[in-house]
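To start, the structure under review is shown below, and the notes come after it.
Number of protein chains: 2
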Amino acid sequence: MTSAPGKGSRPSPMLFFETIRSLQSAFALKAAVEVDVFTAIAKNQGSVEEIAKSCGASERGTRILCDSLTALGFLNKSNNTYSLTPDSAMFLDSRSPAYMGKAVRFMMHRDQFHNFEHLTDTVRTGKPHGSTHLAPEDPIWLEFARGMAPLMFPAAQAIAQYLQKALAGESAPRVLDIAASHGMFGITIAQQNPRAQIYALDWGNVLLVAEENSRKMGVADRHHLIPGSAFDAELGNSYDAVLVTNFLHHFSPATNESLLKRFFAAMNPGAKLVILEFVPNDDRVTPPPAALFSLIMLANTDEGDAYTFSQLSRMCSNAGFRDTQLLPLEASPNMLVVATR
Amino acid sequence: MTSAPGKGSRPSPMLFFETIRSLQSAFALKAAVEVDVFTAIAKNQGSVEEIAKSCGASERGTRILCDSLTALGFLNKSNNTYSLTPDSAMFLDSRSPAYMGKAVRFMMHRDQFHNFEHLTDTVRTGKPHGSTHLAPEDPIWLEFARGMAPLMFPAAQAIAQYLQKALAGESAPRVLDIAASHGMFGITIAQQNPRAQIYALDWGNVLLVAEENSRKMGVADRHHLIPGSAFDAELGNSYDAVLVTNFLHHFSPATNESLLKRFFAAMNPGAKLVILEFVPNDDRVTPPPAALFSLIMLANTDEGDAYTFSQLSRMCSNAGFRDTQLLPLEASPNMLVVATR
Numbered sequence: 001m002t003s004a005p006g007k008g009s010r011p012s013p014m015l016f017f018e019t020i021r022s023l024q025s026a027f028a029l030k031a032a033v034e035v036d037v038f039t040a041i042a043k044n045q046g047s048v049e050e051i052a053k054s055c056g057a058s059e060r061g062t063r064i065l066c067d068s069l070t071a072l073g074f075l076n077k078s079n080n081t082y083s084l085t086p087d088s089a090m091f092l093d094s095r096s097p098a099y100m101g102k103a104v105r106f107m108m109h110r111d112q113f114h115n116f117e118h119l120t121d122t123v124r125t126g127k128p129h130g131s132t133h134l135a136p137e138d139p140i141w142l143e144f145a146r147g148m149a150p151l152m153f154p155a156a157q158a159i160a161q162y163l164q165k166a167l168a169g170e171s172a173p174r175v176l177d178i179a180a181s182h183g184m185f186g187i188t189i190a191q192q193n194p195r196a197q198i199y200a201l202d203w204g205n206v207l208l209v210a211e212e213n214s215r216k217m218g219v220a221d222r223h224h225l226i227p228g229s230a231f232d233a234e235l236g237n238s239y240d241a242v243l244v245t246n247f248l249h250h251f252s253p254a255t256n257e258s259l260l261k262r263f264f265a266a267m268n269p270g271a272k273l274v275i276l277e278f279v280p281n282d283d284r285v286t287p288p289p290a291a292l293f294s295l296i297m298l299a300n301t302d303e304g305d306a307y308t309f310s311q312l313s314r315m316c317s318n319a320g321f322r323d324t325q326l327l328p329l330e331a332s333p334n335m336l337v338v339a340t341r
Numbered sequence: 001m002t003s004a005p006g007k008g009s010r011p012s013p014m015l016f017f018e019t020i021r022s023l024q025s026a027f028a029l030k031a032a033v034e035v036d037v038f039t040a041i042a043k044n045q046g047s048v049e050e051i052a053k054s055c056g057a058s059e060r061g062t063r064i065l066c067d068s069l070t071a072l073g074f075l076n077k078s079n080n081t082y083s084l085t086p087d088s089a090m091f092l093d094s095r096s097p098a099y100m101g102k103a104v105r106f107m108m109h110r111d112q113f114h115n116f117e118h119l120t121d122t123v124r125t126g127k128p129h130g131s132t133h134l135a136p137e138d139p140i141w142l143e144f145a146r147g148m149a150p151l152m153f154p155a156a157q158a159i160a161q162y163l164q165k166a167l168a169g170e171s172a173p174r175v176l177d178i179a180a181s182h183g184m185f186g187i188t189i190a191q192q193n194p195r196a197q198i199y200a201l202d203w204g205n206v207l208l209v210a211e212e213n214s215r216k217m218g219v220a221d222r223h224h225l226i227p228g229s230a231f232d233a234e235l236g237n238s239y240d241a242v243l244v245t246n247f248l249h250h251f252s253p254a255t256n257e258s259l260l261k262r263f264f265a266a267m268n269p270g271a272k273l274v275i276l277e278f279v280p281n282d283d284r285v286t287p288p289p290a291a292l293f294s295l296i297m298l299a300n301t302d303e304g305d306a307y308t309f310s311q312l313s314r315m316c317s318n319a320g321f322r323d324t325q326l327l328p329l330e331a332s333p334n335m336l337v338v339a340t341r
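Top line first, the protein sequences correspond to chains A and B.
If you count by our numbering, then the first sequence holds residues 1 to 341, one letter each, in order.
If you count by our numbering, then the second sequence holds residues 1 to 341, one letter each, in order.
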């Protein structure tokens, strides 16, 4: 009854406890990002007293937080002095170009979190407890746009490289970026292809973030804005590629087929549909990061899900696309699904 | 930038994402216990449809929950049929004598959880955002008493075995059980030693649970109740052992020394003090389950902590005790610290 996991075959309650306790780890990480303890340590490699002073935090809180972050693998501790791990130095020092700390604004947003707090009700009813965040200009997508762009860097690079090859024959490819958010998928294409014209569609409030990013990245003159909903905005036409990133998981297969038909109608023959998604295997339980994404869709949407490649492939072919393919991304929980108009 | 953890030396953001995502796993487990999906599967080994029907839950919610529990290691899935792992069969089937599901009532209690939601403020101030649950008859300790008893079984056995040897010379040992809660520590001693007399101290509302347990276990005639606070209740005297389980972590070292002096005064010479605690190593960051307990005390108490053996040993000797020893428990996050009056 008391043996540790993996130590022989006696049942152990450790997974149960560790799974519950991990709730606390998530909040410790959020607090660490919010008081910016990683940057303070990067600057000082300090003692509790120095870190607390730099963060404007209490010594008790700083000591227990830093010890906990060490136990969780985010810090090293030696002679009562804390230092960053290579991962934390790259992704959690707010001065790093790869800083990801802002992702807590979206990933641990109070609304998402409160929907999870009522997950029992949601399992019973099949419907989220609170908002699905799909109403026009819901402010949570501003947090997504502001916080999640750095996470999308590897996928954005992969999409741009794929289209660089696939659209090699187009002298000035027109790319429609659906639910563009931070805009980084289209912007990365524009950076790699100096003749590409990007049309970014999203709510008007969110497009301000994409617009700012396109200016920062020096591609604003080829980055056009289409404020509105993917369901009823005027999309334009003659696109050579349509990007549908982190979007289809919010809706049912039937809804997605309708959407894909709209996009199909706006595309040139031979144009490429590029879907970025969490794609579990057909067993729907592996790999865990993709499989567990469905839980977020259960908590937050009426009909959304993490779709398998078989399901996405069927949606694409029902919408008229051909040659649907699955392209894994290196060490990302996401995959690309591409199809041809 | 995109390599998986442990795969070469390139920095990876996976620990960051997994730590945030684990929040969702904790709520999935809570929902699974609350809709009692494990018991439904134990009875039926069923399909989504059968489990949903048995739990009175939606098929969408049941499907995504069961797939997530499989991805997390709590279930097996084969041919679209779910079954329990050996761990889940032992600890999460509500018909099992070792059932631990009720622990979510305390471990994921809304109040604890809301204190963690404000952990950033607590790191800044060093003080909990909400209640410390130390006022008389705070109802959260009823949830502790009702939910946590099964978790204490291994430690209760270990304490009873230790005292069976240590008090072998006493014909009718008198045992004071401080903050007795469910009462299982004293009750287990009474079961193993038919002449032991147990005095259980706790808030009156909580002692009702201990009283019920002592009746169920057939030791009510030797299980006496002392309603009140360990700080000012009339303790009685001439005790041969005092149990201080899961208690000292709520308070400062100075407060604990005062408490231990009170207990000392109520004990016979040669009597045993038995402390059950989360005891991190002197580095305060290993082993993780003990080290991370300090985070719970940061979130929920004004001055509490997970104390090292050096710290506990000093508190004991400052209170007059001698021969303080650390006794690890087999595969438990807790340890025993024993000392002699």
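All residues carry an ideal CB built from backbone N, CA and C; glycine is no exception.
Asked	Found
Residues that B/THR39 contacts on chain A, provided the C-beta gap is smaller than 9 Å	The contacting residues do not exist; B/THR39 stays about 15 Å from chain A at best.
Any C-beta of chain A under 8 Å from that of B/GLY61	yes
B/ASN237 versus B/SER229, B/VAL244 and B/ARG262, residue with shortest Cα-Cα distance	B/ARG262
Validate contact between the segment 53-67 of chain A and the segment 146-165 of chain B using beta carbons, cut 8 Å, 3 pairs	no
A/ALA220 vs A/THR188 beta-carbon contact at 8 Å	no
Residues, ordered as in the chain, of the segment 206-235 of chain A that lie near chain B by beta-carbon distance below 7 Å	none
For A/GLU277: DSSP bridge partner residues	A/MET335
A/PHE321 and A/ARG341 closer than 8 Å at C-beta	yes
Neighbour flag for B/LEU336 against chain A, beta carbons, 8 Å	no
Exposure label - A/ASN80; buried when at least 16 CB within 10 Å	exposed
DSSP beta-bridge partners of A/ASP202	A/PRO227
Neighbour flag for B/PRO13 against chain A, beta carbons, 8 Å	yes
Chain-ordered chain B contacts of A/GLY130 [CB-CB under 9 Å]	Residues of chain B passing the Cβ test: none, with the nearest at roughly 14 Å.
Helix, strand or coil at A/ALA271 according to DSSP, with G and I counted as helix	strand
Residue(s) in a DSSP beta bridge with A/ALA166	For A/ALA166, which the question treats as bridged, DSSP gives no partner whatsoever.
Where the alpha helix (DSSP H) containing A/ILE44 begins and where it ends	The sequence given here has Asn at residue 44 of chain A, not Ile. From DSSP, the alpha helix (DSSP H) with A/ASN44 extends over 37-44.
A/THR245: first and last residue of the uninterrupted alpha helix (DSSP H) it sits in	Element bounds for A/THR245: not the alpha helix (DSSP H) but the beta strand (DSSP E), 239-245.
Per DSSP, cross-strand counterpart(s) of B/THR81	B/SER78
Contacts that B/ARG95 makes with chain A (C-beta to C-beta distance below 8 Å)	Those do not exist, as B/ARG95 stays about 15 Å from chain A at its closest Cβ, beyond 8 Å.
Residue-level contact to chain A via CB, B/LYS102, 8 Å cutoff	no
8 Å contact criterion, which B/MET267 and B/TYR307 should meet: CB distance rounded	In fact, because the Cβ distance is near 21 Å, the residues do not count as touching under 8 Å.
Contact set between B/ASP283 and chain A, taken where Cβ atoms lie within less than 8 Å	LYS77
Sequence-distant residues of its chain with Cβ nearer than 6 Å to A/PHE293 (five each side left out)	PHE278 and ALA306
Interface partners of B/LYS30 on chain A, CB under 8 Å	ILE20, LEU119 and THR120
CA nearest to the CA of B/ALA319, picked from B/ALA339, B/VAL104 and B/GLY304	B/ALA339
Separation of B/ALA40 from A/MET108, as counted between CA atoms	32 Å
For A/PHE38 and A/LEU93, believed in contact at Cβ under 8 Å, the rounded distance	The sequence as given places Asp at residue 93 of chain A; Leu does not occur at that position. A/ASP93 to A/PHE38, Cβ: 5 Å. Contact.
Counted within 10 angstroms of its Cβ, other Cβ atoms place A/ALA135 as buried (16 or more) or exposed	exposed
Beta-carbon proximity check, A/ASP87 vs B/LEU15, cutoff 8 Å	yes
Through-space distance from A/ALA26 to A/ARG195, alpha-carbon basis	43 Å
Within the segment 125-198 of chain B, ranges of the beta strand (DSSP E) (whole runs, at least 3 residues)	174-178
Inter-residue Cα distance where the pair is A/MET335 and A/LEU327	6 Å
With 16 other Cβ atoms within 10 Å as the buried cut-off, status of B/LYS43	exposed
Chain-order list of residues whose beta-carbon lies under 6 Å from that of A/THR245 (same chain, five-residue window excluded)	PHE185 and LEU276
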